[in-house]
Amino acid sequence: MSRDKILQFKVRGWLEDEDFRKLLSIAHYVGREGKESIFKLNIDAILSKNLSIDDVIDILENVNAIYNDKLIEYLEEKLNLGKEVHIEYRNGSLILKFNIYLGELLGQLKGLIKYERSSKTFVAKPYKYYELINKLLSLGFKVNDETGFKREIPLNYELKFKGTLRDYQKEALDSWIRNGNKGVIALPTGSGKTIIAIAALSLLRQHTLIIAYTKEQLIQWKNAILKFTNLPEYMIGMYYSGEKRVSPITLTTYQTAYRHIDKFARNYSLLIVDEVHHLPAEKFKFIAESLPILSRMGLSATPYREDGKHVELFPLMGGIVYYKSPQELAKQGYLASYRIVTIKVELKPGERRRLYELKSKYRKLVGYSKFEDILKLARQGDEKAIEALRLHNEISKLIHKSLSKIEKVEEIIRKELMNGNKIIVFAHYVDLAEEIARRVNGYLLTGELPADRRRIILERFRNSKSGVLVVTTLGDEGLDIPDANVGILVAGTGSRRQFIQRLGRLLRPANNKVATLYEIITKGTVEELQARRRKELNLDEIIGNEDKA
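Residues 3 to 551 in this note's numbering are what the sequence shown lists, from first letter to last.
Structure, rendered in structure tokens:
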């Protein structure tokens, strides 16, 4: 085929003036044949404008031009281009600029890069950075890398671990190492997950980013690192709303990491994520995807999520590499023995009548539609669905806040305090927690309290030999009361993860300690079904399904 024929392309139909002018910036207009306009690519014009192959292809594709594949081959040869790619990191993404038209090569990069039409660039997730680099090199690309990423960033400090690992903690660490320094360790609250992570930190001796859910947890992490290693305090930085100091070991919250991801991307080669079950949430998933860090450890009492998104932890963190149930560790003497006591109460007559009224209104609006479908319609602005959600919420509150429950809580607390026990009441709702705390003269801990006030309350309860602490959902994260031995579940979501976390608050071992977890549920309501389901968590099933994720 002659050179002129190779450089020719056609466009069917009439062209808009703007499209015609764009084509003339890279080609000569030859004429028309029937319903087609004929153009010939202008190599000199392309060279003078310093256009890339992608720039040319973009102009041709926008007008649905018909051209021979040899046109691109000729252009690449004429411009004497080898295969090169320029990579930079920007706003949590990798930006890739190729000097050639990818064509069939794009198929070999599937799953690693995607084309964004809005910015007319190829982008990639930083957590796939090393896999992407290896793939590009194998395809013969010269990689011009301006990300500043490093596979390893040594501490340059003779870090030593001063703790002693239990047998199962050693097994967990070994499993993580065998998995290429990646994975989630699922162990009950009180089993020493933090110690395992600090042992890994001491072993790898890399610049480390530790992400926790609350500021209080950051303080616990800092104290644990100082206790179990010889690391000087100046090498540990706290980075959150009240303090922002980047150090070789930096502690930050999920919210702060999300907002300042560019600050962390180039500075660390070990990532530790506490309460890792939060990570698959859309907002927080961005954190794991935007960091190129290879060595990753996730920690959780249970990574299981009711929405099924726990499967997303597998590609983000390396799968679940180790787990033990509370029962297993209690049998081995590492956690306190425990019993779960389910107490059923009747709604008060007035509450029962009100429940019937609310249910009737709910059914008239949506019948027996699935709750997920109602939620979807509500998000789309459906007025019936929105009203149904309001009624559903009112039904839940009526069940959870029943006066019968509050009276039963008072009865249990009176009995347990007579035995000198230390009690945590999980009340979920702020007004319910306030009412119970008032009735039993207990300490009250809610998210609405300032952080300093929360710390004072926790310290007072920790130092008391007996007493009552009433908490909302704040108590599900990082609540560390080693000698608490009685828990009361008054209201909640039916979440199996919450159930295991709350049980774990009571399982710190002590001499002859037997923990008791009471769950108070209302007869003849959805709570009975929830109570059965949330006790049926089987991590074997989750791990067994990992390969299917």
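For every residue, glycine included, the Cβ atom is placed at its ideal position computed from N, Cα and C. These numbers come from a predicted model, not from an experiment.
Asked	Found
Within 10 Å of its beta-carbon, does A486 have 16 or more other beta-carbons around it, so buried, or fewer, so exposed?	buried
Count the C-beta pairs between the region 340–349 and the region 517–528 that are closer than 8 Å, then say yes if the count reaches three, no if not.	yes
In angstroms, rounded to a whole number, what distance separates the CA positions of D169 and K417?	38 Å
Using beta-carbon positions only, say whether L272 and T216 come within less than 7 Å of one another.	no
Any idea which residues DSSP pairs M319 with across the strands?	DSSP output for M319 lists no bridge partner at all.
In angstroms with no decimal places, state the Cα-to-Cα distance between S297 and G182.	7 Å
Nearest-angstrom Cα distance between N540 and A303?	Bear in mind that a pLDDT of 45 at N540, under 50, signals an unreliable position, so the number given afterwards is only what the model happens to contain. N540 and A303: Cα-Cα distance of roughly 13 Å.
Enumerated in chain order, which unbroken segments of the alpha helix (DSSP H) with a length of 4 residues or greater are wholly contained in the region 321–403?	328–333, 351–368, 373–381, 385–402
Near K467, which residues of its chain fall below 8 Å by C-beta distance, leaving aside the five closest residues on each side in sequence?	G422, K424
Between the Cα of I212 and those of P156, I59, V278, spot the shortest distance and give me the residue it belongs to.	V278
Using 7 Å as the limit for Cβ to Cβ distance, is E418 near chain B?	The question asks about chain B, but that chain is absent: this structure has only one protein chain.
Using a threshold of 7 Å, state whether the C-beta atoms of L349 and T196 are closer than that.	no
Which word fits D176, buried or exposed, when buried means at least 16 other C-beta atoms lie within 10 angstroms of its C-beta?	exposed
Could you give the residue range of the alpha helix (DSSP H) that holds G109?	107–110
Going by CA-CA distance only, name the one from L400, N395, L367 that's closest to R355.	L400
Which residues share a DSSP beta bridge with F501?	Beta-bridge pairing links F501 to no other residue.
State yes or no: is the C-beta of A214 within less than 7 Å of the C-beta of L220?	yes
Thinking just about the alpha-carbon of each residue, which of L491, I28, I8, I40 is nearest to the one in W16?	I40
Does the beta-carbon distance from L405 to A390 come in below 7 Å?	no
Flag this pair as yes or no: are the beta carbons of I89 and T166 separated by less than 7 Å?	no
Have a look at S243, V248, T254 and flag the residue whose alpha-carbon is nearest the alpha-carbon of W223.	T254
Taking just the CA atoms, how far does K363 sit from L301?	44 Å
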